[in-house]
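These notes concern the structure reproduced below.
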Amino acid sequence: MTIRCTWQLAGGLLVGVTIIFSLIPLPSAQAPENLDKLVHGAVYALLMLWFVQITRPNRWAALALALTLLGISLELGQGAGGYRAFSYLDIAANTFGVALGWISALLGLSSILTRLETTLAIHNTRRSTP
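Numbering (our numbering), first residue to last: 36 to 165.
See below:
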C-alpha cells in the first residue's frame, strides 16, 4: 500500500469520525463558552489541510466547497436529530476552518505529504544499501 493510499484511507477515517461526533448526542459537560467554535474551526482546517496533500491545486476550490457543504449538512442533521442544535455560528466556524486550511496550504503547508514521502524514501534507501 502506498503512502498516498494510506493518506486517503486516513482522510476517510477523519471524515467518518467528524460525521459521527457531529451527530451523536454529547454529554452535557460544562465547557467554556464558544469553545466548540474553536473545535469546529480546527477540525475543518485539519480536514482541508489533510486533503490538499492529495488534491491538485486546481481542485482545491471544489474540495473547499465539498467540506463546507459537509459542515452545513451536518448542522442540518444536528437540527433534525432533536438532541443537538442547529447553529449558524457553527457553520461559520466550519467555513472559517476550511478557509484557514486553504490559506495554510497556499502558504506552503500543502507539501507535508511530499516531504514525508521524500524523508521515508531517503530513510528506506539508507537502510537497504550495504
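No residue lacks a Cβ here, since even glycine has one placed at the ideal position from N, Cα and C.
Keep in mind the model is a prediction, meaning the values are calculated, not measured.
Requested in this report: Please list, in chain order, all residues of the same chain as residue 75 whose beta carbon is under 6 Å from its beta carbon, the five residues on each side excluded.
Outcome: 125, 128 and 129
Query raised in the report: So residue 89 and residue 43 are in contact, right, with Cβ under 8 Å, and what is the actual spacing, rounded?
Result: 6 Å
Query raised in the report: Do residue 78 and residue 103 come within 8 Å of each other at the CB atom, strictly closer than that value?
Result: no
Query raised in the report: Can you name, in chain order, every residue of its own chain whose Cβ lies under 7 Å from the Cβ of residue 121, other than the five neighbours on each side?
Result: 110, 111, 113 and 114
Query raised in the report: Does DSSP put residue 122 in a helix, a strand or coil?
Result: Residue 122 falls in the coil class under three-state DSSP.
Query - Where residue 96 falls, given that 16 or more other Cβ within 10 Å makes a residue buried - result: exposed
Query raised in the report: residue 87 to residue 140, Cα distance in whole Å?
Result: 7 Å
Query raised in the report: Do residue 136 and residue 84 have their C-beta atoms within less than 8 Å of each other?
Result: In contact: residue 136 and residue 84 (Cβ atoms closer than 8 Å).
Requested in this report: Using beta-carbon positions only, say whether residue 152 and residue 59 come within less than 8 Å of one another.
Outcome: no
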